[in-house]
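Participant: Structure provided below as C-alpha cells; questions to follow.
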Amino acid sequence: MTAASGYAPNRTLPLRVEIVRQFKRRRTLGMFALLLALPWILVIAFQIGPQSSSQGQSALRMSDLATQSGLNFAAFVLSVSASFLLVVAVALFCGDTVASEANWSSLRYLLAAPIPRDRLLRQKLVVALGYSAAAVICLPLMGLLAGTLAFGWDDITVPGTGETIPALDVLPRFGIVIGYALVSQLVVAALAFLISTMTDSPLGAVGGAVGLWIVSTILQAVEALGVLREFLPTFWNTAWTDALVPELDWSGMAKGASVSITYAAILIAVAFRRFRRKDVVS
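The working numbering numbers the first residue of the sequence shown as 3 and each following residue consecutively.
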C-alpha cells in the first residue's frame, strides 16, 4: 500500500499542538497555580507564626534557617516539596498523557489519523517532561523570589553546621540543586508514563506512580535492607543538599543521578515496547 498524497508521518501531532492542548487543561493551570502560590503561603506562615527562640544544634534545622535569607528560604521550599508535591505534579503531567486519551475514547482516533505509535508516545512524553521540568524549576525560583522579598538577600547558612557561604558563590550551586531535582524526578515521570500506557484511568496512572514512590520511601527507612536501599530511587532524593555545603560533594548526586536515569531509561523503553503491541480499543 502507498501512503496518501501529502501524508508525512513526521509531521503528525506537532509539538506546538500538544503543548497548547495540555496547557489548556485545568489540571495544568491548577497545578502551576498551586506551585507558584506555595512559597507565598509559606512566607505568610512564617510571618504570622511565632519566631523560634531555640538555640544550639536544634536551631540549625533547615526550617529554623528558612527566614535567614532568600536562598535559605528557597532551599527550605524545595526540601518540603520534593518528596511529595513535586512528585504529584510530575506524576500528573506524565501519567495523564496516554491514559486521558484512552479515557476520552480518542486514542484510537489519533492512531487512525494516522499517527505512528512511536511518534505519538514521543510527542506526548516530550511535552509531559517539558511541563514537569517547568514545574520543578518554577517552585524553587518562586521560593527564591518570595524569600528574597520577605527576608532579604544575604549569605546562606548551612543547616547542621551553621557555616555561612557567600550568596554569590551559592547562586551557581543553586542551579545544580534544581538540575539534580529534575534528574531525581525522572523515575516518577517514567513510571507514571509507563502506567499511563497500561490503563484507561488517568487517576490510576497518577496514583500508581505516587503510590510506588511512597512505598520506596518507606522501604528506604528499613535499615535491615542495608546497601540494597541505595538502589531505591528515593534513597538519594535529598542528595542535592551536598551542593549547599562549603565543600561541594558530587558523590551522592552522581549515584542518585545514575540510579534515576537507569530506572527511567528502562521504564520508558518498556512503555514504548508495550504500546507498540497493545490492542487499542478505547
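Note that beta-carbon positions come from the ideal geometry of N, C-alpha and C, so glycine has one too.
As the structure is a prediction and not an experimental result, all values here were calculated from the model.
Using the rule of at least 16 other Cβ atoms within 10 Å of the residue's Cβ for burial, across every protein chain shown, is D98 buried or exposed?
Facilitator: Buried, because 16 or more other Cβ atoms sit within 10 Å of the Cβ of D98.
Participant: Which residue marks the beginning of the alpha helix (DSSP H) containing R275, and which one marks its end?
Facilitator: Counting along the chain, the alpha helix (DSSP H) containing R275 begins and ends at 253–279.
Participant: From which residue to which residue does the alpha helix (DSSP H) around F78 run?
Facilitator: Unbroken alpha helix (DSSP H) run through F78: 72–83.
Participant: Hey, out of T243, R279, I220, A259, whose CA is closest to V82's CA?
Facilitator: Among T243, R279, I220, A259, the Cα nearest to that of V82 belongs to T243.
Participant: If you draw a straight line from the alpha carbon of V129 to that of L17, how long is it in whole angstroms?
Facilitator: Approximately 7 Å, taken between the alpha carbons.
Participant: Alpha carbon to alpha carbon, how far is A226 from L214?
Facilitator: Those two C-alpha atoms are separated by around 20 Å.
Participant: Since F195 and S71 should fall inside the 8 Å C-beta cutoff, what is the C-beta to C-beta distance between them, to a whole number of angstroms?
Facilitator: Between S71 and F195 the Cβ distance is about 37 Å, and since that is not below 8 Å, they are no contact.
Participant: Should Y182 be labelled buried (16 or more other beta-carbon atoms within 10 Å of its own) or exposed?
Facilitator: It counts as buried.
Participant: Is I167 helix, strand or coil when you go by DSSP?
Facilitator: I167: strand per DSSP, three-state reduction.
Participant: From Q24 to E165, what distance separates their C-alpha atoms?
Facilitator: For Q24 and E165, the distance between alpha carbons rounds to 44 Å.
Participant: So, P235 versus V179, is the Cβ gap smaller than 7 Å?
Facilitator: Not in contact: P235 and V179 (Cβ atoms no closer than 7 Å).
Participant: From which residue to which residue does the alpha helix (DSSP H) around M144 run?
Facilitator: M144 -> alpha helix (DSSP H) spans 119–153.
Participant: Within 10 angstroms of its Cβ, does L80 collect 16 or more other Cβ (buried), or is it exposed?
Facilitator: Buried, because 16 or more other Cβ atoms sit within 10 Å of the Cβ of L80.
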